[in-house]
Amino acid sequence: MGSTPVSRRSVFRRIAQRQYGEWPAYDSTPLYGCTSLAGLESDVRTVSETWFDHDSHDSLEEFVCVLPLAYFRFSAHDRYEGSPRYRMDILFRVFVLKELHGWEHETALVDYLEGCPELCEQLGFETIPDQSTLWRTWHERFTADLRETVETAARTILIKAQNSGVEIPREPTRKLRYHGSESGESEPDDQTALEQAEKITDHVSRVVFSAFSLDRGDECEIHENAYWSLQTYLGLRENLAANEGARSFIHESTRERTPLGHVHRDHIRDLSIDQIREMYRQAIRQLVDEVAATEEFFRAGIVAIDITEADPFTGDRTGHEDEIIGTKEKTDEYAYQWATVQLVGNAVPIVLDARPVRKGETRLEIVEDLLDSAEDLVHVDNVLMDREFDSQHVLEMISQRGLSYVVPKRMQTSEKAQAKRLLQRDQDRYETDRKLHLGKNEWHETTLIYRRKEDSEYDDHRQYSVFISNHGGSFLSEYGYRWEIESGYRSIKRFMAATTSKDFGLRFFYFAFACLLYSIWRAVDLLVQVALTDEYEHSPVVTADNTLTLLKKETGIG
């Protein structure tokens with residue numbers, strides 16, 4: 001089965017209609033140009049993922065032939081001068097083909113091409129290059145960076161094809177390679193872990209920060225990376241505001257020009273909430289693509305949805321009543337609130353999406369929005385939420401998606417009465433089916449699970465907790481994973497820049513960027529562990545401070 005004009009049009013229409021990010025990559029951010037190899041790698045990921053999802057697309061060779069490369073300028077990576085016989089784009093394709101098959105020598109590639117005249121025609125060869133020409137191309141004409149991109153592109157294609165059930169010529173390497181990353185240490189020490197973290201952080205930062213753009217125009221003297229450097233720098237020290245941070249940043253940065261604090265804030269304020277969220281989701285998509293290439297990343301898993309709040313707001317909130325809303329505990333205080341969805345359980349705890357919470361928004365709207373993002377990135381099995389999401393309409397929506405949920409229930413009169421009966425019977429656990437009214441004679445069927453707390457401070461019905469689940473008590477043990485989102489919030493708030501501004505977009509950007517720094521830290525830690533030990537333990541071996549310091553360095557600070 002091969003591609004057709006209809007199937008190809010379907011693939012690129014889907015790519016063009018993606019909610020997050022644009023294609024080609026250089027159109028979506030000024031950090032990628034037509035000569036950016038990181039941008040080319042990003043485009044290979046984007047196109048291959050969608051291409052192999054189509055039922056008609058089951059040939060790797062065909063994909064190599066049709067991958068759009070016309071926009072990319074290979075001349076920047078061509079060490080030959082004059083007018084060589086073979087074009088760089090054709091040679092790039094043929095070496096990706098060689099890497100897909102895992103052939104060590106060019107002779108095997110030549111033999112294969114000679115036996116496939118139709119493939120040679122699709123590649124654009126009038127005559128097949130001989131072995132010596134191909135050897136010189138790889139070793140003398142291609143730059144080292146272009147050779148690495150060929151290997152990365154082939155590995156990406158193999159993984160995306162395999163994930164879609166397409167037959168592949170060899171198993172892709174699921175252990176990520178970075179130049180100079182080999183280590184003979186069976187039990188790496190702290191210094192080895194830090195050296196590896198530096199290499200991986202460099203790679204990850206190039207991949208992730210490319211998703212962010214300030215849309216400042218083409219004539220700006222200060223490079224856009226300097227703004228992300230400053231924002232990272234603000235996350236290095238607790239309660240550091242932009243003005244003070246920008247003054248210190250001048251002395252620590254190796255850049256000739258760095259942003260002033262008020263200029264930095266003005267550019268951030270120009271971003272809408274939708275723009276911030278779109279950039280964040282694209283950055284997380286690229287981060288997930290990096291960690292998903294390892295066997296240790298669990299794509300299918302558990303997500304936790306929760307709402308956190310900033311420190312109580314003590315100023316005048318006139319005109320901002322819809323944004324500076326009450327606290328979750330229903331006190332007389334006010335605060336900004338943010339909602340997130342995060343991977344928990346055995347997965348690396350990446351914050352998949354974040355959004356602000358405004359007055360009047362329902363919990364149903366919030367959960368739907370966050371689950372849309374999560375399911376676009378990973379395969380979700382189970383959803384964990386706090387008792388503030390104890391709503392029959394929220395639970396029904398999750399069930400309609402085919403997902404499991406576990407949510408603590410507020411104890412009403414009937415639940416308190418049942419808990420008292422269980423206490424009298426000295427019964428530790430009890431399950432009962434319950435129908436929750438949705439309105440118009442519609443009901444949501446679920447299960448209530450009563451569980452006695454160990455070492456409870458109470459001697460009455462408050463010894464019991466009540467949970468709601470649409471899969472009975474079998475998933476109740478997983479609710480313990482929810483603590484990870486609370487510990488994650490503590491780290492995230494540690495990474496946030498300080499501000500007294502009431503600007504909603506600025507406040508949200510500071511929170512979202514802190515979520516990104518946290519997610520980068522946990523992803524880098526996973527990749528370091530896998531690179532050094534081929535395993536992943538949930539407890540980090542790379543500290544958050546080490547990762548932020550490396551990010552500070554890799555984004556432009558010496």
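Using UniProt numbering, you'd call the opening residue of the sequence shown number 1 and step up by one each time. Virtual Cβ for every residue (Gly too), placed ideally from N, Cα, C.
Query, Result
"Just list the alpha helix (DSSP H) runs in the segment 96 to 132, keeping only unbroken ones of 4 residues or longer that don't cross its boundaries, in chain order.", "106 to 114, 117 to 123"
"Give me the Cβ distance between Glu151 and Arg79, rounded to the nearest whole Å; I'm assuming they're in contact under 8 Å.", "In fact, because the Cβ distance is near 18 Å, the residues do not count as touching under 8 Å."
"Return yes when at least one heavy atom of the ligand GDP lies under 7 Å from the C-beta of Ser213, else no.", "Within the structure as shown, the ligand GDP is missing, as the structure has no ligands at all."
"Around the Cβ of Lys440, are there at least 16 other Cβ atoms within 10 angstroms (buried) or fewer (exposed)?", "exposed"
"Who pairs with Trp443 in a beta bridge, going by DSSP?", "His437"
"Could you tell me how far apart the beta carbons of Leu214 and Tyr227 are, in whole angstroms, since I believe they sit closer than 8 Å?", "6 Å"
"Between Gly315, Leu403, Thr107, which lies nearest to Met385 when the distance is taken from Cα to Cα?", "Leu403"
"When the Cα of Asn546 is compared with those of Lys199, Asp55, Val47, Phe125, which residue comes out closest?", "Lys199"
"How is Gln196 classed by DSSP in three states: helix, strand or coil?", "helix"
"In angstroms, rounded to a whole number, what distance separates the CA positions of Leu287 and Glu238?", "25 Å"
"By the 10 Å Cβ neighbour count, where 16 or more other Cβ atoms means buried, how is Leu438 classified, buried or exposed?", "exposed"
"Within 8 Å (strictly less), CB to CB, does Ala283 reach chain B?", "Note that chain B does not occur in the displayed structure, where there is just one protein chain."
"Taking just the CA atoms, how far does Lys409 sit from Phe504?", "32 Å"
"Would you please state the rounded distance, in angstroms, between the beta carbons of Asn243 and His262? I believe it to be under 8 Å.", "7 Å"
"Out of Phe509, Ala544, Ala514, state which residue places its alpha-carbon closest to the alpha-carbon of Leu526.", "Ala544"
"Just to confirm, are Arg14 and Thr50 a CB contact at a threshold of 8 Å?", "yes"
"Kindly list the residues whose CB is nearer than 7 Å to the CB of Gly326, restricted to its own chain and excluding five residues on each side of it in sequence; keep chain order.", "Tyr334"
"For the candidate residues Leu364, Leu158, Thr331, whose alpha-carbon lies nearest to that of Val96?", "Leu158"
"For Trp23, report the span of its alpha helix (DSSP H) as first-last.", "Trp23 -> no alpha helix (DSSP H), and no H or E assigned at all."
"For the segment 274 to 289 against the segment 303 to 315, do three or more pairs of beta-carbon atoms, one drawn from each stretch, fall closer than 8 Å, so that the two count as touching?", "no"
"Within the segment 444 to 512, note down every full beta strand (DSSP E) run reaching 3 residues or more, in order along the chain.", "464 to 469"
"Please report the straight-line C-alpha distance between Thr340 and Ile250, rounded to a whole angstrom.", "33 Å"
"Could you pull the start and end residues of the alpha helix (DSSP H) that Gln427 belongs to?", "Counting along the chain, Gln427 falls outside any alpha helix (DSSP H), and DSSP gives it neither H nor E."
"Can you tell me the Cα-Cα spacing of Val44 and Thr318, whole angstroms?", "49 Å"
"DSSP three-state call for Ser48: helix, strand or coil?", "helix"
"On the DSSP bridge list, what partners appear for Val351?", "Gln342"
"Tell me which same chain residues have a C-beta within less than 8 Å of the C-beta of Phe509, skipping the five on either side of it?", "Ile268, Leu271, Ile276"
"Across which residues does DSSP place Val407 in a beta bridge pair?", "Ile468"
"If we count the other Cβ atoms within 10 Å of its Cβ and call it buried at 16 or more, is Ala16 buried or exposed?", "exposed"
"Which residue wins for smallest C-alpha separation from Ala374, given the options Thr137, Asp353, Leu364?", "Asp353"
"Among Ile366, Arg462, Ala283, Glu484, which one has its Cα closest to the Cα of Ala25?", "Ala283"
"Check for me: the alpha helix (DSSP H) holding Leu60 runs from which residue to which?", "60 to 66"
"Could you tell me how far apart the beta carbons of Arg429 and Thr447 are, in whole angstroms, since I believe they sit closer than 8 Å?", "About 12 Å separates the two Cβ atoms, so there is no contact after all."
"Asp289 lies in the beta strand (DSSP E); which residues open and close that run?", "Looking at the DSSP string, Asp289 is not in any beta strand (DSSP E); the run it does join, the alpha helix (DSSP H), is 273 to 292."
"Could you name each continuous alpha helix (DSSP H) segment of 4 residues or more that falls completely within the segment 350 to 402, going from the start of the chain to the end?", "363 to 377, 392 to 400"
"Given a threshold of 16 other Cβ atoms within 10 Å of its Cβ, counted over all protein chains shown, does Trp338 qualify as buried or as exposed?", "buried"
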